[in-house]
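A.B. asks: Position 62 of the sequence shown, counting from 1, maps to 61 under numbering that gives the first Met the number 0, and the rest follow consecutively. Beta carbons are placed, not taken as given, at the ideal position from N, Cα and C, and that holds for glycine.
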Amino acid sequence: MKKHLLPSILLLSLFAPSLPATAQQSVTHQNVFDTIPFIMEHHKRRLEKFSKEPMSTGKILFLGNSITEGGPWGELLGDPTVVNRGIGGDFSYGILNRLDEIIQRKPSKLFLLIGVNDIGNDIPNAVIADNVRKIVERLKAETPATEIYIQSILPVNPEYPRFPQHYDKQYHVLMTNQLLYKVALDTKVTYVNLFPLFLDDRQRLAADLTKDGLHLNRQGYDIWVRHLREMGYLPHP
């Protein structure tokens, strides 16, 4: 694990003191989606699209929610074979339930970013981290040659009206990122601390990098890919 990641974990102490661990709730992938029908429908359409794509193996794969789905990864990396497995509105439970197709692809590198929708729907931080641990453990067991990267959840900006359920959760983002860092240490995969890359001077998602306080614009994606390259996680063009 890279030493440069440690200061980012200490950033947590700037926002809030330690609180007692939140008790795990009885939540499943299905009952979360049942409360948001339009998300479930988009999820189904994306899975149908994935099922029609050729089964290529050994490629770079990005896995996550709408923040991943919105990334023009092939263009950004100059590699049209990059696989985008982002689904808007997805939760950590959704990732767990669609790992079969990911594993069949045996990606060379897999970049996972998940959790902000869980947080927006009040799924406990510890449950999110436990789901990510399960995702990583299954990937390591069934596609052991894949290099796995757990990416931190991004900051949000409350000065936008579109996603109010997400905007008051910055503390939970930080707490969950701390737990994800521990998962990466425990499972011996790489933790990628994206969070500080997108902050303004008030510790929010910078307005020039977002279109709605939650999702990134093209400049934000450029910063993301540049960081992955600078760290040696992606090849330079």
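Quick one: what does DSSP say Val191 is sitting in, helix, strand or coil?
C.D. replies: Locating residue 191 in the sequence shown gives position 192, counting from the first residue. In this structure, Val191 counts as strand in the three-state DSSP scheme.
A.B. asks: DSSP state of Leu112, grouped into three classes?
C.D. replies: Here residue 112 refers to the residue found at position 113 when the sequence shown is read from its first residue. Leu112: strand per DSSP, three-state reduction.
A.B. asks: On a CA-only basis, which of Gly119, Leu46 and Glu158 is nearest Leu98? Give me that one, please.
C.D. replies: Taking the first residue of the sequence shown as 1, we reach residue 98 at position 99. Comparing Cα-Cα distances from Leu98 to each of Gly119, Leu46 and Glu158, the minimum goes to Leu46.
A.B. asks: Flag this pair as yes or no: are the beta carbons of Pro123 and Leu204 separated by less than 7 angstroms?
C.D. replies: To locate residue 123, count along the sequence shown from 1; it is residue 124. To locate residue 204, count along the sequence shown from 1; it is residue 205. No, they are not a contact pair.
A.B. asks: What residue range is occupied by the uninterrupted beta strand (DSSP E) comprising Ile59?
C.D. replies: The residue you call residue 59 lines up with position 60 of the sequence shown. Looking at the DSSP string, the run of the beta strand (DSSP E) that includes Ile59 is Ile59 to Gly63.
A.B. asks: Where Asn120 and Leu75 are concerned, what is the direct C-alpha to C-alpha distance, given to the nearest angstrom?
C.D. replies: Indexing the sequence shown from 1 puts residue 120 at position 121. Indexing the sequence shown from 1 puts residue 75 at position 76. Using only the alpha carbons, I get a separation of about 31 angstroms.
A.B. asks: May I ask you to report which of helix, strand or coil DSSP gives Arg252?
C.D. replies: In the structure displayed, the chain extends from 0 to 236; residue 252 sits before or after that span and is not available.
A.B. asks: Along the chain, which unbroken stretches of the beta strand (DSSP E) at least 3 residues long are found entirely within the region 118-178?
C.D. replies: DSSP runs (the beta strand (DSSP E)) wholly in the region 118-178: 146-150.
A.B. asks: Can the beta-carbon of Gly85 be found less than 7 angstroms from the beta-carbon of Gly114?
C.D. replies: In the sequence shown, the residue the question calls residue 85 occupies position 86. In the sequence shown, the residue the question calls residue 114 occupies position 115. No, the pair does not count as a contact, with Cβ atoms beyond the cut-off.
A.B. asks: Looking only at C-alpha atoms, which of Gly69, Leu179, Leu208 and Leu193 sits nearest to Arg228?
C.D. replies: For the purposes of this step, residue 228 is taken as residue 229 along the sequence shown, with counting starting at 1. It is Leu193.
A.B. asks: Run the proximity test for Glu74: is its beta-carbon closer than 6 angstroms to any non-hydrogen atom belonging to the ligand COA?
C.D. replies: For the structure depicted, the ligand COA is absent and the ligand set is empty, with no information on it obtainable.
A.B. asks: For Lys108, does the count of other Cβ atoms within 10 angstroms reach 16, so buried, or fall short, so exposed?
C.D. replies: The count along the sequence shown starts at 1 and reaches residue 108 at position 109. Per the 10 Å Cβ criterion, buried.
A.B. asks: Quick one: give me the first and last residue of the beta strand (DSSP E) that Val82 is part of.
C.D. replies: For the purposes of this step, residue 82 is taken as the residue at position 83 of the sequence shown. Val82 -> beta strand (DSSP E) spans Val82 to Gly85.
A.B. asks: Of all the options Phe197, Val182 and Leu196, which has the alpha carbon lying nearest to the alpha carbon of Tyr190?
C.D. replies: On the sequence shown, position 191 is the one that residue 190 refers to. Tyr190 has its Cα closest to that of Val182, out of Phe197, Val182 and Leu196.
A.B. asks: Within a Cβ cutoff of 7 angstroms, which residues of the same chain sit near Pro234, ignoring the five residues on either side of it in sequence?
C.D. replies: Position 235 of the sequence shown, counting from 1, holds the residue named residue 234. Around Pro234: no qualifying Cβ.
A.B. asks: Whose C-alpha, out of Asn116, Gln150, Asn176 and Gly73, is nearest the C-alpha of Gly87?
C.D. replies: Taking the sequence shown and counting its residues from 1, one reaches residue 87 at position 88. Ranking the options by Cα distance to Gly87, first place goes to Asn116.
A.B. asks: Between which two residues does the alpha helix (DSSP H) containing His226 stretch?
C.D. replies: Residue mapping note: residue 226 aligns to position 227 of the sequence shown, counting from 1. Looking at the DSSP string, the run of the alpha helix (DSSP H) that includes His226 is Arg217 to Glu229.
A.B. asks: Quick check on the burial criterion: 16 or more other C-beta atoms within 10 angstroms. Buried or exposed for Ala140?
C.D. replies: Numbered from 1 along the sequence shown, position 141 holds the residue referred to as residue 140. So Ala140 counts as exposed.
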